[in-house]
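Chains as they are written, first to last, in this note's numbering: chain Z, 318 to 788; chain E, 274 to 689.
Glycine included, each C-beta is placed from N, C-alpha and C at the ideal position.
In what follows, a single structure is set out as structure tokens and then discussed.
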Amino acid sequence: MKIARSLLLTLAAWAAGAQAAPDPFTSTYQPVAATPTLIRNATVLDGTGRRLDGADVLMRDGKIVAVGTALATDGATVVDAQGRWVTPGLIDVHSHLGVYASPGVTAHQDGNEMTDPVTAGVWAEHGVWPQDPGFYTALAGGVTTLQVLPGSANLIGGRGVTLRNVAGTTMQEMKFPGAPHGLKMACGENPKRVYGGKGRSPSTRMGNVAGYRQAFADAQDYRRQWDKYERERTAYEAQQDEGKGRKKKGDGDAKPPTQPKRDLRLETLVGAMNGEIQVHIHCYRADEMAVMLDFAREFGFKVAAFHHGVEAYKISDRLAKEGVCGALWADWWGFKMEAYDAIWENIAFVDAPADSCAIVHSDSAEGIQRLNQEAAKAMSRGQQAGLAIPPERAIRWLTSNAARALGIADKVGTLEPGKLADVVIWSRDPFSVYALAERVYVDGALRYDRGAPAAQPESDFLLGQPAGGAL
Amino acid sequence: MRALQFTARAFVCTLAALPLAAPAQDLLIRNATVHTVTERGTLERADVLVRNGRIAAVGTNLATAGVTVVDANGRPLTPGLFGGITALGVVEVSQEPTTVDNDPHAAEAGKVAAEPRPEFDVTLAFNPDSAVIGVNRVEGVTYAMVTPGAASGAEVISGQGAIARLDGRADAVVGPSRTLFANLDAGVSRAGQFMLLEQAAREAKPATPMRDSDFRLLTPTGREVLARYLSGGRIAFSVDRATDIRQVLAFSQKQGARPVVVGGAQAWQVAGLLAQAKVPVVLDPLVDLPDSFDQIGATLQNAARLHRAGVRIAFTNLNDGTHNARKVRQAAGVAVANGLPWDAALAALTANPAEIFGLGTEYGRIAPGYVADLVLWSGDPLEVTTVAQQVWIDGRAQSMRSRQTELRDRYRPGAR
Chain Z
318 MKIARSLLLT LAAWAAGAQA APDPFTSTYQ PVAATPTLIR NATVLDGTGR RLDGADVLMR
378 DGKIVAVGTA LATDGATVVD AQGRWVTPGL IDVHSHLGVY ASPGVTAHQD GNEMTDPVTA
438 GVWAEHGVWP QDPGFYTALA GGVTTLQVLP GSANLIGGRG VTLRNVAGTT MQEMKFPGAP
498 HGLKMACGEN PKRVYGGKGR SPSTRMGNVA GYRQAFADAQ DYRRQWDKYE RERTAYEAQQ
558 DEGKGRKKKG DGDAKPPTQP KRDLRLETLV GAMNGEIQVH IHCYRADEMA VMLDFAREFG
618 FKVAAFHHGV EAYKISDRLA KEGVCGALWA DWWGFKMEAY DAIWENIAFV DAPADSCAIV
678 HSDSAEGIQR LNQEAAKAMS RGQQAGLAIP PERAIRWLTS NAARALGIAD KVGTLEPGKL
738 ADVVIWSRDP FSVYALAERV YVDGALRYDR GAPAAQPESD FLLGQPAGGA L
Chain E
274 MRALQFTARA FVCTLAALPL AAPAQDLLIR NATVHTVTER GTLERADVLV RNGRIAAVGT
334 NLATAGVTVV DANGRPLTPG LFGGITALGV VEVSQEPTTV DNDPHAAEAG KVAAEPRPEF
394 DVTLAFNPDS AVIGVNRVEG VTYAMVTPGA ASGAEVISGQ GAIARLDGRA DAVVGPSRTL
454 FANLDAGVSR AGQFMLLEQA AREAKPATPM RDSDFRLLTP TGREVLARYL SGGRIAFSVD
514 RATDIRQVLA FSQKQGARPV VVGGAQAWQV AGLLAQAKVP VVLDPLVDLP DSFDQIGATL
574 QNAARLHRAG VRIAFTNLND GTHNARKVRQ AAGVAVANGL PWDAALAALT ANPAEIFGLG
634 TEYGRIAPGY VADLVLWSGD PLEVTTVAQQ VWIDGRAQSM RSRQTELRDR YRPGAR
């Protein structure tokens with residue numbers, strides 16, 4: 318009885334938003350123990366906007382200890398990085414690795430629960446297959462953290478999960494400890510095509526917006542039910558406690574309030590309204606993003622980032638003013654009407670206003686391997702258009718700005734002392750097609766070493782297959 | 274930056290001065306780093322003289338009388354780039370059926386989708402004014418294969434395509450590049466696909482005259498067309514798996530067709546065989562994951578291994594080869610980062626595709642007699658931070674504006 322009551326208390330408390338929901342699928346991620354490492358004499362882009370030439374990076378106990386020149390070795394393993402560049406580990410805020418795994422067979426189509434326009438109760442992490450070879454090729458591209466999202470078939474597709482890009486047998490071994498969930502929503506053509514094609518709502522953009530609003534209105538009602546329940550339960554317990562002292566006849570007749578039924582869909586939406594879940598919206602057109610910002614204000618939540626945002630450049634000032642990130646491609650376009658107005662300079666233009674938050678994202682098992690090249694293209698086109706974008710600024714698009722959108726900026730995204738030691742050593746300036754990630758550290762441990770193919774992690778799936786990549 | 278603005282302004286003047294149907298220009302590009310993609314290799318501080326739209330001379334201190342002179346200031350000059358296996362000019366917006374003209378079966382709704390229609394000629398729908406073309410032209414893409422069925426093609430034979438030149442001319446299609454496209458993709462029984470291919474070939478070249486009661490896979494027109502391609506014509510097979518490539522080689526040898534492998538994720542496994550049979554491969558150097566079981570063993574080193582074995586390779590973007598055809602340049606750079614010699618990568622964007630599709634004596638090189646399709650670059654042409662500064666087709670300076678540059682300038686920060 319006592320246990321039941323304490324469970325009720327917990328449930329009531331988090332449903333009402335008093336604290337974050339307990340996550341039943343707890344991270345079991347364990348950093349690999351690593352000796353202290355000193356990376357010597359590199360060009361360092363630290364993710365805060367600084368560039369340090371001939372600089373050292375010291376990692377110990379999985380954390381960044383110092384970045385500077387001529388740091389004391391202090392017993393650390395020294396890595397000579399003369400001529401190399403060093404950046405924070407790259408972060409992709411938009412991936413479907415694991416939920417649309419390679420090989421892309423029918424059995425691996427786990428990214429879109431295409432049975433209802435609002436499936437806020439589904440979680441991408443329950444579809445993640447850790448053996449997707451794409452995780453491993455992304456690691457070779459310097460990606461240390463990624464958010465895996467449900468697809469964009471639904472208005473509200475479900476929760477995204479932020480992962481450490483390390484080999485694991487279970488999803489929980491990859492789950493980023495302490496990272497908030499994301500909520501995936503989608504504007505525009507995809508939901509209305511999928512459901513309109515089934516003869517149901519939404520079949521238009523009008524239907525899309527009505528669908529979001531009704532779902533959140535239901536969530537508001539749900540939150541009120543739990544608030545009411547909590548108030549009544551508190552009152553009831555107070556009454557019971559009073560009753561104990563007086564031992565009056567009849568006190569036992571008061572009935573405890575009935576706990577509302579849990580609704581996984583609405584729990585997620587309440588989490589978004591309470592700021593515990595980062596809201597990520599797939600949205601291409603500028604006018605639709607503006608509608609979504611008004612919708613978010615109506616229900617009192619903040620949009621962390623618009624994803625794809627092919628027209629984000631048309632409202633770059635508003636995005637910056639409202640503190641909304643734009644997670645964008647460098648050059649992908651034209652596959653549908655809402656992707657017709659792409660420009661090379663999108664990322665650079667979104668980056669231009671004060672307090673902006675431009676992000677390079679992939680949404681692709683190929684693109685995630687080359688986020689640095691995507692950034693290079695965007696940087697170069699921005700420069701051609703007259704914007705001053707040095708590499709130390711552009712690297713933020715795939716490190717610190719991405720961390721901000723995922724709600725993990727206190728942990729990763731820069732090389733500031735105290736941050737997790739996610740570090741990439743590049744063969745040269747990473748804003749080059751010829752640059753290769755030579756070493757990738759996660760929590761200070763060397764997880765990928767280009768120079769040691771035998772030690773590189775490999776997916777179970779590729780073991781024993783007739784043709785390996787190496788020859 | 275300054276040089277770029279100068280180029281742009283100079284071009285505006287050129288446009289104003291020329292009537293729309295200007296004759297092919299005479300032109301002297303001086304002081305360029307000329308990547309000839311010939312045995313002469315790369316020439317530093319060289320001049321390229323263009324007369325009547327063709328390259329007249331490549332050397333130093335060439336005569337300048339009566340021609341427009343462009344000073345390259347040492348920047349790289351390459352042949353115009355091949356955009357790959359695309360749907361340029363036949364698809365404007367992929368998901369809008371009214372803008373999609375590369376599907377042979379769209380006009381026959383309700384019919385069996387696998388029915389081979391070799392007579393389908395996608396080039397009849399080619400729209401030289403497509404905004405997608407302009408977007409790619411300003412990136413140095415001067416010609417591309419216009420392809421039936423494109424990436425979606427589930428048909429064993431999806432029809433005929435050809436290379437189109439991308440300067441907006443009405444007669445864009447270059448005849449000798451005509452190619453029949455076949456698909457041997459995962460998803461339908463491979464044995465079934467080879468069965469249909471054999472049947473089609475049998476109908477096209479019957480040992481004895483066919484009777485009315487004989488089973489017919491092809492229309493009479495289809496039989497005539499296929500017969501032409503089976504008699505020394507070029508057939509591009511979209512195929513990834515090594516063993517399927519072997520079957521394609523056997524089928525082609527038996528039928529007397531010249532195969533081109535498109536895709537070829539596992540082609541490196543049969544590189545020796547391909548080299549021996551002189552069968553080229555048009556591949557996407559970025560493919561390194563097994564998107565299907567046919568691509569297990571896909572590797573970033575595919576291009577380097579094929580080249581080393583002596584296979585002629587060209588590049589395409591299989592992911593979005595139409596709108597982002599321009600991405601082949603990046604893919605070439607990635608191939609270099611993974612072991613392909615730089616010169617071989619440039620050849621895979623220029624001379625090799627021209628050779629593969631029958632245009633090797635006129636396109637893809639900077640040499641006397643070659644068509645003057647040229648690109649002047651801001652830096653290393655394979656580098657992602659490099660941009661095309663001027664594109665010439667037939668020696669005519671192309672507009673360096675596109676729908677995307679128009680949008681850029683309308684929304685440039687501070688412009689509004």
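Residue burial annotation: Gly364/Z is buried, with at least 16 other C-beta atoms found within 10 angstroms of its C-beta.
For Gln433/E, the enclosing beta strand (DSSP E) stretches over residues 430–438.
Under the three-state reduction of DSSP output, Asn718/Z falls in the helix class.
A direct Cα-to-Cα measurement between Val533/E and Leu355/Z gives close to 51 Å. Taken in chain order, the unbroken stretches of beta strand (DSSP E) that lie wholly in the segment 420–497 of chain Z and span 3 residues or more are 460–465, 473–481. For Val366/E, same chain residues with a beta-carbon under 6 Å away, outside a window of 5 residues either side, are Thr372 in chain order. No Cβ of chain Z is located within less than 7 Å of the beta carbon of Gly529/E.
Look at the segment 444–472 of chain Z: the residues with a C-beta under 7 Å from a C-beta of chain E are Pro450, Gly451, Thr454.
For Gln347/Z, none of the residues of chain E pass the 9 Å Cβ criterion, the least Cβ distance being about 27 Å. What Leu753/Z touches in chain E, judged by beta-carbon distance under 9 Å, is Ala610, Asn611, going in chain order. Apart from the 5 residues on each side of it in sequence, Leu316/E sits with its Cβ closer than 6 Å to the Cβ of Val307 in its chain, given in chain order. Within the segment 604–633 of chain Z, those residues whose Cβ lies closer than 8 Å to any Cβ of chain E are, in chain order, Tyr630, Lys631, Ser633. Linking Pro574/Z to Glu549/Z through their CA atoms gives a straight-line distance of about 6 Å. At a cut-off of 7 Å between beta carbons, Tyr636/E makes no contact with chain Z. A distance below 7 Å separates the beta carbons of Glu709/Z and Arg367/Z. Here Ile598/Z is near Val620/Z, since their CB atoms are less than 7 Å apart. Note on Glu312/E: under 16 other CB atoms within 10 angstroms of its CB, so exposed under the neighbour-count rule. Around the CB of Gly495/E, 16 or more other CB atoms lie within 10 Å, so the residue is classed as buried. The continuous alpha helix (DSSP H) containing Pro508/Z extends over residues 506–513. Among the CB atoms of chain Z, none fall inside 7 Å of the CB of Gln663/E. Here the alpha carbons of Leu369/Z and Ala769/Z stand approximately 28 Å from one another. The beta carbon of Ala702/Z sits closer than 6 Å to the beta carbons of Glu662 from its chain, once the five residues preceding and following it are set aside; these are given in chain order. In this chain, the alpha helix (DSSP H) harbouring Met696/Z covers 688–701.
At a Cβ-Cβ threshold of 7 Å, Val543/E and Ala515/E count as neighbours. Listed along the chain, the chain Z residues whose CB falls inside 8 Å of the CB of Lys600/E are Asp648.
Scanning its chain for C-beta atoms nearer than 6 Å, with the 5 sequence neighbours on each side dropped, one finds around Gln603/E the residues Val657, in chain order.
Contact with chain E is absent for Ser673/Z, since none of that chain's Cβ atoms lies less than 7 Å from the residue's Cβ. Where Gln663/E is concerned, the enclosing beta strand (DSSP E) starts and stops at 661–666. Of the residues assessed, Phe566/E falls on the exposed side of the cut-off, its CB having fewer than 16 other CB atoms within 10 angstroms.
Of the residues assessed, Leu300/E falls on the buried side of the cut-off, its CB having 16 or more other CB atoms within 10 angstroms. Among the bridge pairs identified by DSSP, Val403/Z is matched with Val361/Z, Ile742/Z.
With contacts defined as CB atoms closer than 7 Å, Thr436/Z and Gly475/Z qualify as a contacting pair. In the DSSP assignment, the residues bridged to Val396/Z are Ile356/Z. Within chain E, the C-beta atoms nearer than 8 Å to that of Tyr657/Z come from Val366, in chain order. Taking the Cα of Tyr657/Z as reference, the smallest distance to any Cα among Gln568/E, Leu579/E, Gln677/E is reached at Gln677/E. Residue contact check for Asn597/E against chain Z: a CB pair falls below 7 Å.
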